[in-house]
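Participant: Structure incoming, see below.
Residue numbers (the working numbering), protein chains in the order written: chain A, 1 to 358; chain B, 359 to 716.
Right, dumping it as structure tokens:
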């Protein structure tokens, strides 16, 4: 729960006004870069991280450890650092160095904790635009991301005309639907029910049991039925018990749950979870108004087996863009991994990104 | 959490030996009946309840309140009491009068609570066979059920040759798969994490917050994405908040969660949840051995939108039966309700049952 070792910090000089009201000041953005910005500042690509990801998309000179999109950023790779200057910032509201609930509130000297304001994907984008301003990047060559990252690229492309030339949105959505909100509601409930939650004002890792359950629940939607049914035995691996592990798939879930503790703050989980529920690139406008006159090229990717944000929602984005006369491409991909395919199916993602970034 | 007012009690004279070891004695079965058993005892139909259901499938002279399958049992209805004698027992391990964790252990004079043994669907069937013996029913005209009820009818048809002529299994499965076990694991975890659980030895309703969350989670799989997305608004209905209700779908889930408290015991939830995970009609035999020489006719129904036990699993049962030379029928139904369609789409269920029971 801290800045990644290779990240730089930019302290935003102006307060950040938030969409739902209130503002944050002395906001810090932790970000990493790969490659070199060309003299006309036209080769920058913004990688937008998913929910529990961060600035460390890939290893690099400043931090040789593997990133969450390892193998995607470097010379000759999908985000080719021989050509591009690649930027990946950690998320507002997250736990990786960009201001979030575990950051110290400059007004009090204490962590924001339960007092951190509600934020939206629009706020996340606003902050990243400030970072681009700071770096002197008027117009991105591209912005790319999956899941929450794919929501962010859409928000950026739709709400910030002229700031990006190519938008790549994988397994994202333009507007969260009730079913996906229901899933995230369950995960937040797990954290909120943990007696260690204390309205967000906890010591240490706080509601770790609730956080683990939230993560275990997430996995069931991030991955696919096909994958779990192929990967795990169908018969018990231990003596059956109500509280222990009877089936191997339970060990897998428990392991995934434990992994999140100590790396991702429960208040960040809640904050970003609700931000995704509230995501709606059309908020305040009609679809037609929102999409009118966009000059970026949009590449929309959906995964057929996605159980969290189904492929229909990505198709819907693509169709709305086409109807609005926006230059757009559509790719449906089949992967038994499901929603998480963008993190796992790196050959397929590399092929798509090469095509989109040409 | 008690016997339904119209239910009769049969106290099984012999101990019930359990599949996973141990036994229960003085086991009580709460059951309701509709219609009259004919002189040759050949017109009996067993309705097998789903997970949180009970003996009160339908209103009747003994209990005029609506049942969980109201409109299905009566003169001229799907289970036509002009022709059939219909029996519906509450489930072993449940909370509705048949022996379960909230029943008093005759050895101690205290409720079994956390000491209730682990049971399987095979045990549930064994107990219902005892009830049929008591009622003098050698061979059922039919057994029908959905979800856990559909698992039970398969178990009955496959493991008790000669005791049933027609098996109707809706949204059931022959063998639980890891993905469905993962879902139930999450629900059990919610209960187990509630500090009021106390290893099952709780006072009153016990871990109600965990139980509510388990139920809310269940609903997301019992119903379909299509239904929730059509039924609920996509934009917030209240000021956004981390802990409260922002979206209408959250009110719905919370309401469903609250409804289970006081009617279904958390220990029953755990016990029957694990029993479903362990369900495997082939356990101890090969498929071929298990299905050889079955003389019942099997009618298998799957719902295309089922997110808990997908239609592939029902098709798999049908194909295995056909491969074994068993007389079988297959019906795939589309319903935006999803898994719960058997409880909601009563016209469609009536049409199917009429056909199967001819």
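Beta carbons are placed, not taken as given, at the ideal position from N, Cα and C, and that holds for glycine.
What does residue 329 of chain A pair with, by DSSP beta-bridge criteria?
Facilitator: A:299
Participant: To which residues of the same chain is residue 237 of chain A closer than 6 angstroms at the C-beta, ignoring the five residues directly before and after it?
Facilitator: Taken in chain order, the residues that qualify are 248.
Participant: Under DSSP, the alpha helix (DSSP H) around residue 700 of chain B begins and ends at which residues?
Facilitator: 699-702
Participant: Who are the neighbours of residue 279 of chain A on chain B, taking C-beta pairs under 9 angstroms?
Facilitator: The premise fails here: residue 279 of chain A is roughly 11 angstroms from chain B at the closest Cβ pair, so nothing lies under 9 angstroms.
Participant: Is any non-hydrogen atom of the ligand GDP found closer than 7 angstroms to the C-beta of residue 703 of chain B, if you look at the structure I gave you?
Facilitator: Looking at this structure, you won't find the ligand GDP or any other ligand, since it has none at all.
Participant: Which residues share a DSSP beta bridge with residue 166 of chain A?
Facilitator: Looking at the DSSP output, residue 166 of chain A sits in a beta bridge with A:297.
Participant: Determine, using beta carbons only, whether residue 246 of chain A comes closer than 8 angstroms to chain B.
Facilitator: yes
Participant: Tell whether a beta-carbon distance below 8 angstroms holds between residue 635 of chain B and residue 511 of chain B.
Facilitator: No, Cβ-Cβ distance for residue 635 of chain B and residue 511 of chain B is not below 8 angstroms.
Participant: Using only CA atoms, which one of A:52, A:124, A:164 and A:48 lies nearest to residue 362 of chain A?
Facilitator: The structure shown does not extend to residue 362 of chain A, since chain A spans only 1 to 358, so no value can be given for it.
Participant: Under a CB-based cut-off of 8 angstroms, is residue 179 of chain A close to chain B?
Facilitator: yes
Participant: Please state the DSSP three-state secondary structure of residue 110 of chain A.
Facilitator: Note: residue 110 of chain A maps to coil in three-state DSSP.
Participant: Can you give the beta carbon distance from residue 413 of chain B to residue 446 of chain B, rounded, assuming they're within the 8 angstroms contact cut?
Facilitator: At roughly 5 angstroms, the Cβ-Cβ gap stays under 8 angstroms, so residue 413 of chain B and residue 446 of chain B are in contact.
Participant: Write down every uninterrupted run of the alpha helix (DSSP H) in the stretch 189-236 of chain A whose length is 4 residues or greater and which is fully enclosed by it, in chain order.
Facilitator: 208-222 and 225-231
Participant: How many Å lie between residue 428 of chain B and residue 667 of chain B at the Cα?
Facilitator: 24 angstroms
Participant: Among residues of its own chain, excluding the 5 on either side of residue 492 of chain B, which ones have a beta-carbon nearer than 7 angstroms to its beta-carbon?
Facilitator: Excluding residues within five positions, the ones whose Cβ falls inside 7 angstroms are 368.
Participant: Measure the C-alpha to C-alpha separation of residue 705 of chain B and residue 452 of chain B and round it to an integer number of angstroms.
Facilitator: 28 angstroms
Participant: With C-beta atoms as the reference, is residue 471 of chain B less than 8 angstroms away from residue 409 of chain B?
Facilitator: no
Participant: Kindly indicate which residue of A:32, A:12 and A:19 has the alpha-carbon position closest to the one of residue 4 of chain A.
Facilitator: A:32
Participant: What residues from chain B crowd round residue 270 of chain A, counting only those whose CB sits closer than 8 angstroms?
Facilitator: 600
Participant: Are at least three pairs of beta-carbons, each pair with one atom in the stretch 560-576 of chain B and one in the stretch 640-656 of chain B, less than 8 angstroms apart?
Facilitator: no
Participant: Using a C-beta cutoff of 8 angstroms, does residue 24 of chain A count as contacting chain B?
Facilitator: No, no contact with chain B.
Participant: Please classify residue 194 of chain A: is it buried, with 16 or more other beta-carbons within 10 angstroms of its beta-carbon, or exposed?
Facilitator: buried
Participant: Taking the alpha helix (DSSP H) that residue 462 of chain B falls in, what are its first and last residues?
Facilitator: Note, residue 462 of chain B: premise wrong, no alpha helix (DSSP H); not H, not E.
Participant: Any residues in the stretch 531-556 of chain B with a beta carbon nearer than 8 angstroms to a beta carbon of chain A? Which ones, in chain order?
Facilitator: Listed in sequence order: 533, 534, 535, 536, 537, 539, 540, 541, 543, 544, 546, 547, 548, 550, 551, 552 and 553.
Participant: Are the beta-carbon atoms belonging to residue 205 of chain A and residue 262 of chain A less than 8 angstroms from one another?
Facilitator: Contact: yes.
Participant: Quick one: give me the first and last residue of the alpha helix (DSSP H) that residue 669 of chain B is part of.
Facilitator: Looking at the DSSP string, the run of the alpha helix (DSSP H) that includes residue 669 of chain B is 669-681.
Participant: As a quick exercise: from A:274, A:327 and A:264, pick the residue whose alpha carbon is nearest that of residue 291 of chain A.
Facilitator: A:327
Participant: Going along chain A, which residues have a C-beta under 9 angstroms from residue 668 of chain B?
Facilitator: For a Cβ distance threshold of 9 angstroms, residue set 225 of chain A lies close to residue 668 of chain B, ordered along the chain.
Participant: So for residue 360 of chain A, helix, strand or coil by DSSP?
Facilitator: Summary: the structure shown does not reach residue 360 of chain A, with chain A confined to residues 1 through 358, and so no result is reported for it.
Participant: So, does the CB of residue 442 of chain B fall closer than 8 angstroms to a CB anywhere in chain A?
Facilitator: no
Participant: For a contact meaning CB atoms closer than 9 angstroms, what does residue 594 of chain B contact in chain A?
Facilitator: 277 and 278
Participant: Using only the alpha-carbon positions, how far apart do residue 338 of chain A and residue 507 of chain B sit?
Facilitator: 30 angstroms
Participant: Can you give me, in chain order, the residues of the stretch 391-414 of chain B that have a beta carbon less than 9 angstroms from any beta carbon in chain A?
Facilitator: Along the stretch 391-414 of chain B, none of the residues has a CB nearer than 9 angstroms to a CB of chain A.
Participant: Indicate whether residue 224 of chain A and residue 166 of chain A have their beta-carbon atoms separated by less than 8 angstroms.
Facilitator: no
Participant: Measuring CB to CB, does residue 314 of chain A end up less than 8 angstroms from residue 147 of chain A?
Facilitator: no
Participant: What are the boundary residues of the beta strand (DSSP E) that includes residue 239 of chain A?
Facilitator: Per DSSP, residue 239 of chain A belongs to no beta strand (DSSP E) and is neither H nor E.
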